[in-house]
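Engineer:
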Amino acid sequence: MSERKKVLLRLDPAVHDALARWAGQELRSTNAQIEFLLRRALDEAGRMPKEVGDIPRRGRPRGSKSDPKDENRT
Numbered sequence: 000m001s002e003r004k005k006v007l008l009r010l011d012p013a014v015h016d017a018l019a020r021w022a023g024q025e026l027r028s029t030n031a032q033i034e035f036l037l038r039r040a041l042d043e044a045g046r047m048p049k050e051v052g053d054i055p056r057r058g059r060p061r062g063s064k065s066d067p068k069d070e071n072r073t
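Heads up: the sequence shown at position 15 corresponds to 14 in numbering that gives the first Met the number 0, and the numbers run straight through without jumps.
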């Protein structure tokens, strides 16, 4: 995976607050929500580059069904 670009983004505080609330409702970080929305806009406009990969998954990996630790959970 290639290195991710870092961008300084200036937003109106009310826009940031609305994005942060929306991100929280969808269990994403504010940064991930912004990237999700930008990717969706690029795709809908037909401007998504072909070489773009998927959004990297963050957080804890899902357990497999054969994992004995999962059998003890209720």
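Glycine included, each C-beta is placed from N, C-alpha and C at the ideal position. All figures in this text were calculated on a predicted structure; none of them were measured in a lab.
(1) Measuring only the C-alpha atoms, how far is A17 from R3?
(2) What does the Cβ neighbour count give for Q32, buried or exposed, with the cut at 16 atoms within 10 Å?
(3) State the DSSP-derived secondary structure class of R20, mapped to helix, strand or coil.
(4) Suppose the cutoff is 6 Å on Cβ atoms and the five residues either side in sequence are ignored; what does the same chain contact list for M47 look like?
(5) Determine, for E25, whether the minimum Cβ-Cβ distance to residues of chain D falls below 8 Å.
(6) If you run the structure through DSSP and keep just helix, strand and coil, what is L41?
Structural biologist: Once the coordinates are examined:
(1) 25 Å
(2) buried
(3) helix
(4) L41
(5) Looking at the structure shown, chain D is missing, and only one protein chain is on hand.
(6) helix
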